[in-house]
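Trainee:
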Amino acid sequence: MDFAEAQKEALGCTKCGLCHSRTQVVFGDGPLNAGLFIVGEAPGFNEDEGGKPFLGASGMLLDRLLESLELGREKVYLTTLVKCRPPGSPPRPPKPSEVSSCRPYLVSQLAAVDPRVVVALGDLPSRILTGRKESVSRIRGRAIPLDGRYVFPTLSLQRALYTPADRALLVSDFSRLPELLEAERPSTYETMNVTRSPDAEREPVQPGLW
Numbered sequence: 001m002d003f004a005e006a007q008k009e010a011l012g013c014t015k016c017g018l019c020h021s022r023t024q025v026v027f028g029d030g031p032l033n034a035g036l037f038i039v040g041e042a043p044g045f046n047e048d049e050g051g052k053p054f055l056g057a058s059g060m061l062l063d064r065l066l067e068s069l070e071l072g073r074e075k076v077y078l079t080t081l082v083k084c085r086p087p088g089s090p091p092r093p094p095k096p097s098e099v100s101s102c103r104p105y106l107v108s109q110l111a112a113v114d115p116r117v118v119v120a121l122g123d124l125p126s127r128i129l130t131g132r133k134e135s136v137s138r139i140r141g142r143a144i145p146l147d148g149r150y151v152f153p154t155l156s157l158q159r160a161l162y163t164p165a166d167r168a169l170l171v172s173d174f175s176r177l178p179e180l181l182e183a184e185r186p187s188t189y190e191t192m193n194v195t196r197s198p199d200a201e202r203e204p205v206q207p208g209l210w
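So for the sequence shown, UniProt numbering puts the first residue at 1; every next one is plus one.
1. List, from N- to C-terminal side, the beta strand (DSSP E) runs of 3 residues or more that fit wholly inside the UniProt domain "Uracil-DNA glycosylase-like" (27 to 181).
2. Between residue 221 and glycine 148, what straight-line distance do the alpha-carbon atoms span, to the nearest angstrom?
3. Classify lysine 83: buried if its beta carbon has 16 or more other beta carbons within 10 angstroms, exposed otherwise.
4. Go through its chain and collect everything with a Cβ distance to glycine 51's Cβ below 7 Å, but skip five positions before and after it.
5. Closest to cysteine 19 by CA distance: which of Gly40, Arg85, Lys8 is it?
6. Looking at chain B, is there any beta carbon in it that lies within less than 8 Å of the beta carbon of glutamate 134?
7. Nearest to alanine 4 by CA position, among Tyr105, Arg142, Gly17, Pro90, is which residue?
8. Enumerate in chain order the residues of its own chain whose CB-to-CB distance from arginine 92 is below 7 Å, with the five nearest sequence positions on each side excluded.
9. Output the distance between the C-alpha atoms of glycine 122 and cysteine 16, rounded to the nearest integer angstrom.
10. Specify, as a first and last residue, the run of the alpha helix (DSSP H) that glutamate 5 falls within.
11. Can you give me the C-alpha to C-alpha distance between leucine 146 and proline 186, rounded to a whole angstrom?
12. Assign cysteine 16 to one of three DSSP states: helix, strand, or coil.
13. Give every residue of the same chain whose Cβ lies closer than 7 Å to the Cβ of valine 99, excluding the five residues on either side of it in the sequence, and list them in chain order.
14. Suppose the cutoff is 8 Å on Cβ atoms and the five residues either side in sequence are ignored; what does the same chain contact list for leucine 181 look like?
15. Rounded to whole angstroms, what's the CA-CA distance from alanine 6 to alanine 120? Just pull it up for me.
Below, the structure written as structure tokens:
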């Protein structure tokens, strides 16, 4: 489905139980020609109330990170793996079935925006987008070429908020983004995990390719 169809369907989606815990759907925000595309895990309380991704303390941290790169939200596309707030305080992580239900929406967003760089914030977004099993602590800061763009795993904003050492790592990782945004698009046979069929087998990554 195209972007407009995906957004319309998502706003009334009842595919999984998250439709019962949300106040509203948080689809995404930003220009459809953005070079930088940032993916978090799920909306939280502030996002559920405000209707946009990355609000509250985590949003303020993201704004500072983007400002350090001379970028603002108006130049970046922001979204999350799932578009509805999971229940709990704090919200629990999304279930695999919930991520799967939202998968077509993320695929449509990626196709419409066609960014050069996709930043995956945290463990679950990093694993979903790269298809790798390692924790984000092991693969953070690497530019992984997939589908003609770079997927860039890094730590979650929530983790960086409460741990100064992790915040320093996140700042360091974000400092690499301008270079990636200026780089030529990669040419590789690997495809992003999120754009593959959920039933498709992921081929093992060959050491040394990246």
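Even glycine gets a Cβ: it sits at the ideal position worked out from N, Cα and C.
Just so you know, these numbers come straight off a predicted model, no measurement behind them.
Mentor: In short:
1. 36 to 40, 76 to 80, 117 to 121, 144 to 146, 149 to 154
2. In this structure the chain extends from 1 to 210, so residue 221 is not present and cannot be described.
3. buried
4. The residues Gln24, Val26, in chain order, have a CB closer than 7 Å to that of glycine 51 in the same chain once the five nearest residues on each side in sequence are set aside.
5. Arg85
6. Of the protein chains in the structure, only one exists, and it is not chain B.
7. Tyr105
8. Pro86
9. 23 Å
10. Residues 3 to 11.
11. 8 Å
12. coil
13. Leu81, Val82, Ile128
14. Gly35, Leu36, Arg116, Val117
15. 21 Å
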